[in-house]
Structures are given as C-alpha cells and as structure tokens.
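The numbering of the sequence shown is the numbering used here, which starts it at 51 and goes up by one. We put the beta carbon where it would ideally sit given N, CA and C, even for glycine. Remember, it's a predicted structure, so these values are computed and weren't measured experimentally. What follows is a single structure, written as structure tokens, with notes after it.
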Amino acid sequence: MIDHISLQNFKASRDVDVRLAPLTVLAGLNSSGKSSILQAIALLRQTYGIDDQPAGLVLGGDLVHLGHGRDLLSEGAEGDGDLIIFNFTEDAVSYRWTCSSVADAGELTFRESPPQCPTFLTMPDFQYLQADRVTPATLYPQTPQVARSVGFLGPRGEYTADYLANNFDKTLPETRAATLSNSRLDPTLLSLVSPTARLLDQVAGWLQHLSPGSRLNAQRVEGTDEVFLQFNYVGHTRAPRSNQYRPTNVGFGLTYSLPILVACLAARPGALLLLENPEAHLHPQGQAALGELLAFAASDGVQLIVETHSDHLLNGIRLAVKRARLTCENVALHFFTRQVETGESRIQTPSMLPDGRLSNWPEGFFDQWDKSLDALLE
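Written out as structure tokens, the structure reads:
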C-alpha cells in the first residue's frame with residue numbers, strides 16, 4: 051500500500067505531503083491540487099508501463115496527457131528551480147524520482163530514480179477512472195487483450211461493458227453486497243434485482259440507490275469488436291424482466307457511474323483504485339450509497355484514492371465508520387486550498403473519529419450548506 055506521497059514543484063503542488071490510507075479522500079475547490087496527486091501516480095505508471103527501466107517521465111500516454119515540461123513545473127518554483135521531485139513511501143520503503151523540467155519536452159529525463167520499482171507501478175490490479183467517463187451510447191468497444199488480461203476498465207471506463215459481458219458471473223465477497231442501510235429501498239425489490247453474489251446482480255443491487263428496479267445486461271456482438279449494453283426494470287407486479295432500454299434512453303447517471311461500481315465491486319484485495327469525482331451526475335441518495343461502497347471495498351483490502359466534491363459521499367463514508375464497517379484509522383481526509391497570491395496548494399487534514407465525526411472542520415470544507423442556511427435566516 052502507498053503510505054505517503056510528497057510532490058515538489060509539480061503543477062500546483064510546490065511542496066505537498068499527504069498521508070495515504072486504505073481510503074483517502076481529497077477535497078477542496080477546483081484547481082487546488084487534488085488531481086495532481088492522482089496524476090503523479092498515473093504519470094509514473096504509464097512511464098513504467100512503457101519501459102521497466104525508463105530514462106524519464108513520459109508525459110503523454112494511455113493514462114494521462116499532461117502536455118510538456120512547462121505545463122508541469124510549478125509557477126514560481128523555488129529551491130531546486132526547474133527540478134520536479136516525487137517522493138513515495140510504499141509499505142515503509144521510500145522511493146524518489148527527480149527530473150528537470152524542459153519547456154518543450156514531452157519526456158523529462160530522470161536525474162534520479164529508484165534502483166527498484168515499487169509494486170504500485172507494475173501491479174495488475176489497478177484502475178484510474180477519470181472525471182471524463184464514458185457516456186450513454188448504443189455500443190461500447192471490446193477490450194484490447196492486454197487490458198483484458200488484467201481487468202483494466204480504461205481511464206474513461208470505456209471497457210466496463212465488455213468486462214461485465216466477460217465476468218458477469220464472478221462471485222463477490224459478501225462484505226460488498228448491496229445494502230439498504232442509507233436509503234428507503236424496498237428489501238423485497240432488492241432481492242428481486244440482486245438475488246445472488248454474482249457481479250452483475252450486485253451491480254444491479256447498488257444501482258437501486260440511483261434508479262429503483264433497474265437491472266442491466268452486457269453482451270458482446272458476434273462478429274464485431276463491440277458490446278451491447280441494455281437496462282431493464284423489475285417491479286413487484288411485473289415480470290422479472292421488462293422491456294430492454296438502451297443507455298441513451300435511461301438516466302445519464304446509470305451509465306456514468308457504472309465503471310465506478312464495477313471497479314469497487316470487482317477489485318481484489320491489494321488493488322489500487324484512483325477515482326475522480328465518482329459522485330458526478332448522481333442524486334444525493336446515490337452519492338451517499340457510493341461512499342458506503344468505497345468504505346466496504348477499503349475494508350476488504352483495496353486501496354482507494356478518491357477526489358470528490360460531495361459532502362453526501364463523505365457522509366456515506368462517515369456512516370460506514372460509525373457502523374464499524376471501516377475503522378477511522380483507515381480513512382485519511384485532506385482538504386486542499388490554493389493561495390491566490392502565490393498559486394500554491396495548501397492542505398489541511400482533519401481526522402475522522404470512531405463515531406464518524408471529524409476532529410475539526412476547516413473553513414470551506416463541505417460547509418456551504420451551513421453558510422447558505424445562515425444567509426437564508428438572516
């Protein structure tokens with residue numbers, strides 16, 4: 051597991067150090083440096099995915115396209131000037147990379163790199179799901195063989211339908227089973243749409259927090275390189291399967307959240323998931339349920355680093371801690387701000403307590419509801 055990340059002169063992270071946990075939540079205003087944490091990991095992974103002894107950082111690849119050296123160097127960088135520095139700690143072992151930022155270069159030569167590659171850069175159980183994810187469509191691409199062999203869903207989740215078509219009957223641990231704890235869902239309906247521990251049934255179970263009664267089916271189209279995804283609805287008085295609906299004819303959030311649900315449900319212990327804005331396009335009920343699912347996956351040995359703007363998702367995590375589904379020590383919260391004068395990221399780190407409460411609430415940390423309510427009551 052990655053324990054710490056320290057970034058120097060990398061984008062807004064002029065000098066940033068964060069502790070990571072099984073479940074790490076990155077929050078804050080836009081352009082405050084949250085994505086830089088995820089991008090640093092993705093940047094190193096795509097570099098080592100091309101060459102196991104790379105000469106430098108590859109800025110454009112399958113995971114991220116970060117431009118050129120000038121785009122990575124912090125504005126007003128101090129200390130080593132043009133030197134970008136990554137320090138990672140994995141299972142108490144430290145790793146360090148340094149490279150100079152050459153303005154027009156698409157690859158930055160290492161001045162220093164570790165003699166041995168850390169596990170998180172080569173482990174097959176890895177997902178990086180970006181905020182710009184797959185949207186409703188009639189057909190989705192089949193997965194290239196290299197990605198299929200490791201279960202990679204694609205940075206936009208574009209291979210999720212194909213993964214479901216090939217792994218629909220994968221048995222999941224009971225600890226990640228769909229739950230009713232944070233909603234008013236009908237338990238009878240849940241048993242109809244999610245009768246087994248199979249992946250497809252459990253995806254349907256968690257979809258109930260978004261659209262009650264929804265189920266899905268993914269099927270490869272014979273003779274093509276595409277997969278057909280459909281949704282149907284189940285009710286107490288209807289047949290087990292209703293008409294089949296294309297993703298373009300159901301709620302946008304169902305398709306958009308599908309890669310997140312599949313990644314969290316299918317990840318094996320020891321996997322690493324990087325998730326950007328998993329709550330996007332979801333109703334608050336779905337956001338809270340998703341926070342609970344993140345906690346369940348973390349309690350099963352999956353490491354998740356999540357960038358979010360949702361207090362509902364955070365509250366789902368807090369409730370999971372209160373209900374002892376995840377210990378508070380296994381959650382790390384970091385609130386990012388960016389100084390207007392210097393453009394530099396700053397981080398505050400409240401602690402989560404065993405009852406799900408927080409040790410303190412930094413100014414601007416999911417407090418907009420209180421501010422708006424105070425303004426309404428004036």
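Helix, strand or coil: how does DSSP classify residue i here?
i	result
G202	The sequence shown places Phe at residue 202, not Gly. In the structure shown, F202 sits in coil (DSSP, three-state: anything other than H, G, I, E or B).
W147	strand
T97	helix
E379	helix
L235	coil
N293	coil
L70	coil
V75	strand
H115	strand
Q353	strand
Q180	coil
T172	coil
N80	coil
D420	helix
F346	helix
L260	coil
T139	strand
R368	helix
A403	Per the sequence shown, the amino acid found at residue 403 is Leu instead of Ala. DSSP places L403 in coil when its eight states are reduced to three.
Where DSSP assigns a beta bridge to residue i, which residues make up the other side?
i	result
T387	R396
T221	R248
Y213	Partner(s): none; Y213 has no beta bridge.
I87	I87 is not bridged to any residue.
G106	T159
R270	V277
N59	N59 pairs with nothing; no bridge assigned.
D65	Q58
T193	For T193, which the question treats as bridged, DSSP gives no partner whatsoever.
T229	Partner(s): none; T229 has no beta bridge.
I52	E140
R265	N282
L123	F60
L408	M402
L240	Per DSSP, none; premise fails for L240.
If contacts are defined as beta-carbon pairs under 8 Å, then residue i and residue j qualify, I think. What distance do you get, rounded to the angstrom?
i	j	result
R265	V243	5 Å
F346	A370	7 Å
Y417	W411	For the sequence presented, residue 417 should be read as Asp rather than Tyr. Indeed, because the Cβ distance is near 6 Å, the residues count as touching under 8 Å.
L363	E329	5 Å
T358	A181	Actually they are not in contact, since the Cβ atoms of T358 and A181 sit about 10 Å apart, beyond 8 Å.
P186	F278	Going by Cβ atoms, the distance from P186 to F278 rounds to 13 Å, so no, they are not a contact pair.
R64	S395	7 Å
D62	S86	Correcting the residue identity first, residue 62 is Ala in this sequence and not Asp. Contact holds; Cβ gap of about 6 Å.
H118	G83	Rounded, the Cβ-Cβ distance is 20 Å, inconsistent with contact.
G126	T392	6 Å
Tell me which residues share the same chain as residue i and place their Cβ nearer than 6 Å to its Cβ, disregarding the 5 neighbours each side in the sequence.
i	result
P72	A348, Q353 and N380
T148	L133, I135, R161 and E162
T188	R296
A321	D175 and V352
H331	F302, G303 and Y306
P168	E140 and Y145
T399	H384
L235	Q258
G285	G263
Kindly list the residues whose CB is nearer than 8 Å to the CB of residue i, restricted to its own chain and excluding five residues on each side of it in sequence; keep chain order.
i	result
A316	G201, Y213, N217, K220, L222 and L249
V271	L189, V277 and F278
G255	A227, A228, L240, V243 and S244
L116	Q89, L93, L109, G110 and L122
P191	E208, Y209, D212, D275, E276 and V277
Q337	E329, S360, H362, L363 and G366
L179	L203, P205, R206, G207, P309, I310, A313, L323, L324, L325, E326 and P328
R407	R368
Please list, in chain order, all residues of the same chain as residue i whose beta carbon is under 7 Å from its beta carbon, the five residues on each side excluded.
i	result
V491	Residue coverage of the chain in this structure runs from 51 to 428, which leaves residue 491 outside it and unanswerable.
L344	L73, C314, L354, V356 and I367
R183	R206, G207, Y306 and P309
P230	According to the sequence provided, residue 230 is Leu. The question's Pro does not apply to it. Closer than 7 Å at the Cβ level, and outside the excluded window around L230, lie P237 and L240.
Q294	Q280 and N282
R375	A345, F346 and S349
### Message
Quick check on the DSSP output: what are the complete beta strand (DSSP E) runs of length 3 or more inside the stretch 301-340, in order along the chain?
### Response
322-326
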